[in-house]
Amino acid sequence: MFSRNSRALASARNVARKSAQSLYLARCAGSARSARFYSTSKPSANSGLSFVGGAVLLATGIGGGYYLHKINEVTPKDSSTTPLSSVEPPQYANDAEFKIALKKFTEIVGEANVTADKDVTNSHADTFFNTHHPPNPEVQRPAVVIYPGNTEQVSQILKVAHEYRVPVVANSGLTSLEGHNMHTRGPNSVSLSFQNLNDIIEFHPDDLDVVVQAGVGWQDLDQFLKESDNGSHLMFGPDPGMGATIAGMVGTSASGTNAYRYGTMKENVVNLTVVLADGTIVKTRQRPRKSSAGYDLTRLFIGSEGTLGIITEITVKLHPRADKELVAIAAFPTVKDAASTAQHVITKSGIQPNALELVNETTVSFVNDSGSVGRKFLEVPTLLLKVGGPSDNVIKEQLNLIEKIAKDNNLISFEQSNNQEENEVLWGARRAGLWSTFEYGKKVLDDKDDVQIWTTDFAVPISRLSDLINETNSDLIENGYKNKFSIMGHVGDGNCHFLILYNSKDYAKTKELVDRMVERTIKYEGTCTGEHGVGVGKRGYLEPELGVNAVDLMRHIKYSLDPRAILNPDKVFKIDPSEKLDELLDSGHVIEVAKCCH
């Protein structure tokens, strides 16, 4: 039984609870009617007055029915997600506003760090290896390229861009493949180049990490480590395409051939310094390898493709470099045999190769035809492995076990290197795949002067990889693409690339084949992109893969951090119900930008 004091205390708590609820509901009612234009919350000067006034009205019952009705009325702003149908088309700077903003940008970084040179602006809007090109390249490019020198300058630039609603697309290595650099909201947009943010800030060999600026290339970082007195025994794990920079790799969650052993960028980033759309600077966490302090903001920005914030500094993990490393190649009659061997090595052998790659017979034939490696390989499906260890004997023992597994899967031949020089030669069958494919296109396509290459990127559970490869392989051959595609896969993590050769006139037909490949991928519980990112090219695949609610949640996060939608607009998912970019990309037509994205 409660004592009198207990009952009094309970009564007081009940009154306090009801009062707090009333105050909270009043605040919600007020905030639901307020438009927000900041990346982080900005308190209103009269918020306290509204807060108390609403509480009095509710507590006394005056107008209570009206307020409760309004509170219970769910609007798009009250929702946990943001459906595309609920957003208004974003508004961007007109010519006069952009002129003012450009003057301020120039004052921040100096005239020497702003250029309107057409060759430069064009190169920051599109590249040859992009599968998806601007429908109107004369308009859909930045007005200028800006070269900030530090995080503070990036912050000042974004404050101005936010104020004047200037679209900003961040660039570093310009090596992405899915139209990430396309300036869909041109011409009053800017490219933010990290060419000058290329310093290694701090190196902590004892902690196995290094702090770098956004524009540092992964190859430059690895070279720095090799030449360092106290870091030559260390390496940076991910190894995507040549020329990629650390910030760009974070933006797409890139990986490469080493991902099976060392992980993707998601597993290799410790923390980030990010500038939000309104110029707010955020450091996502401190430097320990583990932390349970609050939300994982680091992972939020990895893979966000410059749509949530602009990354200026990154702390990345380092790994011990293998004392010794040898390469082996194993040839098989079928892709299924090669994939089965890889699956056995991964799941049952206890061996963890540094890299585990798969190429098909066409890829090998393209490499042989190019003569770029200096020797010929059997033109059959082939596994390529890198195995490291403290000595050649330890490595060879592992390679012997792998060869035994391969023999149980119809192995044709097995070859292993004995030194670094032989490593380079054997691994050449993988490294030369892209350029060899492109060069072969000049021989096999109808229009030799219009060689296009569609670089796909999917990932599935490893057990389904061979099924997906075989089904897509058959689809391509049946539709006239025999000897017009190569296959290169990071088979260790189920990630694979089809490189499809075509002429521009066959864009629509090629896209249909890629669409069917993605349908199979999703059927096998896979993803439309394992490491290239979404950009504009894969937006249409997200809802089939993740569901409408997940994409609407992403859009909600986008508008919470970038309420004016100035950061890399139209990438990853749609932000404008009236935008027709997908249709234009599919048709290949060049039309006025106003019909595309305004």
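All residue numbers for the sequence shown refer to the UniProt record's numbering, where the first residue is 1 and numbers rise by one.
Ideal Cβ placement from N, Cα and C applies to all residues, glycine included.
DSSP beta-bridge partners of residue i
i, result
"Glu325", "Gly388"
"Met235", "His319"
"Thr121", "According to DSSP, Thr121 bridges with nothing at all."
"Glu415", "Ile329"
"Thr245", "Gly217"
"Trp454", "Ile500"
"Val145", "Thr115 and Ser191"
"Lys348", "DSSP lists no partner for Lys348."
"Val160", "Note: Val160 sits in no beta bridge, so no partner."
"Ile310", "Val275"
"Asn495", "Ala459 and His490"
"Gln209", "Rather than Gln, the amino acid found at residue 209 in this sequence is Asp. According to DSSP, Asp209 bridges with His204 and Lys317."
"residue 599", "The first residue shown for the chain is 1 and the last is 598, placing residue 599 beyond what the model contains."
Same chain, Cβ closer than 7 angstroms to residue i, neighbours up to 5 away in sequence not counted
i, result
"Arg516", "Asp475"
"Arg520", "Leu468, Glu471 and Thr472"
"Gln91", "Arg165"
Local Cβ density within 10 Å of residue i, reported as buried at 16 or more and exposed below that
i, result
"Gly243", "exposed"
"Ser413", "exposed"
"Gln398", "buried"
"Tyr295", "exposed"
"Thr315", "buried"
"Asn495", "buried"
"Pro320", "exposed"
"Ser463", "exposed"
"Ile302", "buried"
"Pro89", "exposed"
"Ala254", "buried"
"Arg539", "buried"
"Glu579", "buried"
"Lys511", "buried"
"Lys509", "exposed"
Own chain, CB closer than 8 angstroms to residue i, minus 5 neighbours either side, in chain order
i, result
"Asn181", "His124, Ala125, Asp126, Thr127, Asn130, Val169, Asn171, Leu174 and Ser191"
"Lys484", "Gly441, Val444, Leu445, Leu476, Ile500, Leu501 and Tyr502"
"Phe98", "Ala143, Tyr164, Val166 and Asn188"
"His344", "Ile405, Asp408 and Asn409"
"Gly374", "Val425 and Gly428"
"Ala101", "Ala93, Val160, Ala161, Glu163, Tyr164 and Val166"
"Asn150", "Leu197 and Thr312"
Residue range of the alpha helix (DSSP H) that includes residue i
i, result
"Ile100", "Asp95 to Val109"
"Glu579", "Here Glu579 belongs to no alpha helix (DSSP H), and DSSP marks it neither H nor E."
"Val514", "Tyr507 to Lys523"
"Leu300", "Leu297 to Phe301"
"Phe423", "At residue 423 the sequence reads Asn, which differs from the Phe that was named. It spans Gln420 to Arg431 - the alpha helix (DSSP H) in which Asn423 sits, taken as one unbroken run."
"Val166", "No alpha helix (DSSP H) contains Val166, which DSSP labels as neither H nor E."
"Ile469", "Leu465 to Glu478"
"Val548", "Val548 to Leu561"
"Arg287", "Counting along the chain, Arg287 falls outside any alpha helix (DSSP H), and DSSP gives it neither H nor E."
"Arg261", "Ala259 to Tyr262"
Top-ranked residue by Cα proximity to residue i, from the options
i, options, result
"Asn503", "Lys442, Ile575 and Ala214", "Lys442"
"Asp562", "Gly309, Asp450, Asp220 and Pro288", "Gly309"
"Val380", "Ile395, Glu361, Pro390 and Asn368", "Glu361"
"Asp199", "Thr184, Arg185 and Gly215", "Gly215"
"Asp117", "Arg141, Tyr559, His133 and Ser155", "Arg141"
"Met488", "Leu553, Leu399 and Leu383", "Leu383"
"Asp369", "Asn423, Ala355, Ala322 and Ser436", "Ser436"
"residue 606", "Val210, His497 and Leu297", "Lying outside 1 to 598, the shown extent of the chain, residue 606 is not represented and no answer is given."
"His204", "Arg287, Lys558 and Leu297", "Arg287"
"Ile146", "Phe366, Ser578, Val120 and Asp95", "Val120"
"Val451", "Asn409, Phe301, Tyr507 and Asn470", "Tyr507"
"Glu325", "Pro137, Pro353, Leu401 and Ser349", "Pro353"
"Thr456", "Glu424, Tyr481, Asn419 and Leu513", "Leu513"
"Lys336", "Val274, Val282, Asp323 and Leu411", "Leu411"
"His132", "Glu357, Ile246 and Val536", "Val536"
Own chain, CB closer than 6 angstroms to residue i, minus 5 neighbours either side, in chain order
i, result
"Asp493", "Ala259 and Tyr260"
"Leu221", "Phe236"
"Leu426", "Val327, Ile329 and Ser417"
"Lys376", "Asn368"
"Asp467", "none"
"Glu415", "Ile329"
"His69", "Only weak support exists for where His69 lies, its pLDDT of 45 falling under 50; the coordinates are left without a value."
"Glu543", "Val551"
"Ser31", "Because Ser31 carries a pLDDT of 39, less than 50, the predicted location of this residue cannot be relied on, and the following value inherits that uncertainty. Excluding residues within five positions, none has a Cβ falling inside 6 angstroms."
"Val211", "Ile201, Glu202 and Thr315"
Beta strand (DSSP E) segment containing residue i, residue limits
i, result
"Gly489", "Phe485 to His490"
"Ala355", "Ala355 to Val359"
"Ile200", "Ile200 to His204"
"Thr273", "Val269 to Val275"
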